[in-house]
Amino acid sequence: MAESVPSVLESEAKGEIADIYADIRKVLGTSVVNLIWRNLATMPGALEWAWSTVRPLYLGDAPLHAEAVRRTIALPDWPGFSTETLLAAGVDEGERLLIRGVLDSYQHTNALALVVLSALLVHYEPRQVTAVTAAATAPQPPAIRIPELPPMDALDPEVAALVGELNSFGEDAEPQLIASMYRHLGYWPAYLALVRTMLAPLQHQGRLNALTLSTRALGYAHGALLAAQLKPAVPPATLKGALTSCRLFVEHPIARMTGLCALIRRATPD
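FYI, my numbering numbers position 113 of the sequence shown as 450, with every residue one higher than the one before it.
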């Protein structure tokens, strides 16, 4: 399983790509640029076109639709972790604060990416969806900086194996991308092991795959409402590849992790 698709790292970005990365961080209120944008940067003209097309959604109604996803996502009813359990596993209050920061950051950006990129796909690939409504209000982005994303080869072998196993949970196709959230949580192997223990029965019962499917459908439903607001510029010659990349991300790691992150965050005490 590949660690990632080709991408332009933030540290290597120059010129217009670096400027767009800075704008993405500013508009999304995040300290990192997600892999989907870094992948699009490898396709001539794709990042510039995609970001200019969806940027107005981020500044407009997308946060309300993303919040509606967060509120209505069909999470399995399942017990979480007690503070005592985390302490017994060596996860103290300070580490729990950092973990919550990672989860909150992904919960914010994943739902936004789900509805915005679904809108882009629906614009070019219309589909029937269920009726949904946006939330009346949406929270501000969490004012946090999360740790630098560790590369897979920097993780201990057993932690990397655990990340790989977790990455298969809730996936209805052969995983092609490793969810960054699990790599971020690799800083706390004991916590990651508890997450695996919590999720394994749900995976065995097929409930995580059901969560991915329902979240994917929810994203497309909200994306269809947002799609009417899009006014794309003339697409680049790389349009087909850009849409293929967006579809891969939306239907698999983004839809999957929008649901799983919400489940894991709910299980982690404040």
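Heads up, the beta-carbon is just placed ideally off N, CA and C, and yes, glycines get one too.
* To do: Verify whether the separation of the beta carbon atoms of Asn-447 and Thr-581 is less than 9 Å.
  => Within the sequence shown, residue 447 is the residue found at index 110, counting from 1. Within the sequence shown, residue 581 is the residue found at index 244, counting from 1. Not closer than 9 Å, so no.
* **Through-space distance from Pro-479 to Arg-603, alpha-carbon basis** => By 1-based counting over the sequence shown, the position of residue 603 is 266. By 1-based counting over the sequence shown, the position of residue 479 is 142. Using only the alpha carbons, I get a separation of about 16 Å.
* Buried/exposed call for His-541, threshold 16 Cβ in 10 Å -> Walking along the sequence shown from the start, residue 541 turns up at place 204. His-541 should be labelled exposed.
* Asked: For Ile-306, which of Leu-440, Ala-527, Arg-433 has the nearest alpha-carbon?
  -> A question about residue 306 goes unanswered here, because the residues of the chain that appear run from 338 up to 607.
* Asked: Which class does Gly-543 belong to by DSSP, given the choice of helix, strand or coil?
  -> Mapped onto the sequence shown, residue 543 falls at position 206. Three-state DSSP puts Gly-543 in coil, outside helix and strand.
* CA-to-CA distance, Pro-538 to Ile-354, given in whole angstroms -> Residue mapping note: residue 354 aligns to position 17 of the sequence shown, counting from 1. Residue mapping note: residue 538 aligns to position 201 of the sequence shown, counting from 1. Rounded to the nearest angstrom, the two C-alpha atoms are 43 Å apart.
* To do: Give the single residue among Ala-599, Asp-398, Pro-590 whose Cα lies nearest to the Cα of Ala-561.
  => Counting from 1 along the sequence shown, the entry for residue 561 is found at position 224. Measuring from the Cα of Ala-561, the nearest candidate turns out to be Asp-398.
* Residue burial classification, Ala-473 (beta-carbon count within 10 angstroms, cutoff 16) -> On the sequence shown, position 136 is the one that residue 473 refers to. With fewer than 16 other Cβ atoms inside 10 Å of its own Cβ, Ala-473 counts as exposed.
* Are there 16 or more other CB atoms within 10 angstroms of the CB of Gly-556, so buried, or fewer, so exposed? -> Counted from its first residue, the sequence shown places residue 556 at position 219. Buried, by the Cβ-count rule.
* Cβ-based burial, Pro-590 [other Cβ within 10 Å; buried from 16] -> The residue labelled residue 590 in the question sits at position 253 within the sequence shown. Pro-590 is buried by the Cβ-count criterion.
* Limits of the alpha helix (DSSP H) - the one that Val-406 falls within -> Here the question's residue 406 lines up with position 69 in the sequence shown. Note, Val-406: alpha helix (DSSP H), 399-409.
* State the DSSP-derived secondary structure class of Thr-575, mapped to helix, strand or coil. => Working through the sequence shown from its first residue, we reach residue 575 at position 238. Residue state, collapsed to three classes: coil.
* To do: Taking 8 Å as the threshold, find out whether the segment 373-386 comes into contact with the segment 405-421 through three or more Cβ pairs.
  => no
* **Reduced DSSP secondary structure (H/G/I, E/B, other) of Ser-348** => In the sequence shown, the residue the question calls residue 348 occupies position 11. Three-state result, Ser-348: helix.
* DSSP state of Ala-592 mapped onto helix, strand, coil -> Residue 592 sits at position 255 when you count from the first residue of the sequence shown. It is helical.
* Could you spell out the range, first to last residue, of the alpha helix (DSSP H) harbouring Glu-432? => Stepping through the sequence shown from its first residue, residue 432 is reached at position 95. Counting along the chain, the alpha helix (DSSP H) containing Glu-432 begins and ends at 430-461.
* So what does DSSP say about Ala-339, is it helix, strand or coil? -> Residue mapping note: residue 339 aligns to position 2 of the sequence shown, counting from 1. Residue confidence is low: Ala-339 scores 43 on pLDDT, short of 50, so the model does not pin down where it sits. No coordinate-derived value is stated.
* Tell me whether the beta-carbon of Ala-570 lies closer than 9 Å to the beta-carbon of Thr-390. => Translated into positions along the sequence shown, residue 570 becomes position 233. Translated into positions along the sequence shown, residue 390 becomes position 53. In contact: Ala-570 and Thr-390 (Cβ atoms closer than 9 Å).
* Asked: Between the segment 461-469 and the segment 429-436, do at least 3 Cβ pairs fall closer than 8 Å?
  -> no
* **Ordered list of alpha helix (DSSP H) runs contained in the segment 359-395, each at least 4 residues** => 372-377
* As assigned by DSSP and simplified to three states, the class of Gly-427 -> As a working note, residue 427 is residue 90 in the sequence shown. Collapsing the DSSP output to three states places Gly-427 in coil.
* May I ask you to report which of helix, strand or coil DSSP gives Ile-601? => As a working note, residue 601 is residue 264 in the sequence shown. Three-state result, Ile-601: helix.
* Could you check if Trp-386 is buried or exposed, using at least 16 other CB atoms within 10 Å of its CB as the buried criterion? => The residue labelled residue 386 in the question sits at position 49 within the sequence shown. Under this definition Trp-386 is a buried residue.
* **Leu-545 to Leu-514 span [Cα, whole Å]** => The residue you call residue 545 lines up with position 208 of the sequence shown. The residue you call residue 514 lines up with position 177 of the sequence shown. Rounded to the nearest angstrom, the two C-alpha atoms are 17 Å apart.
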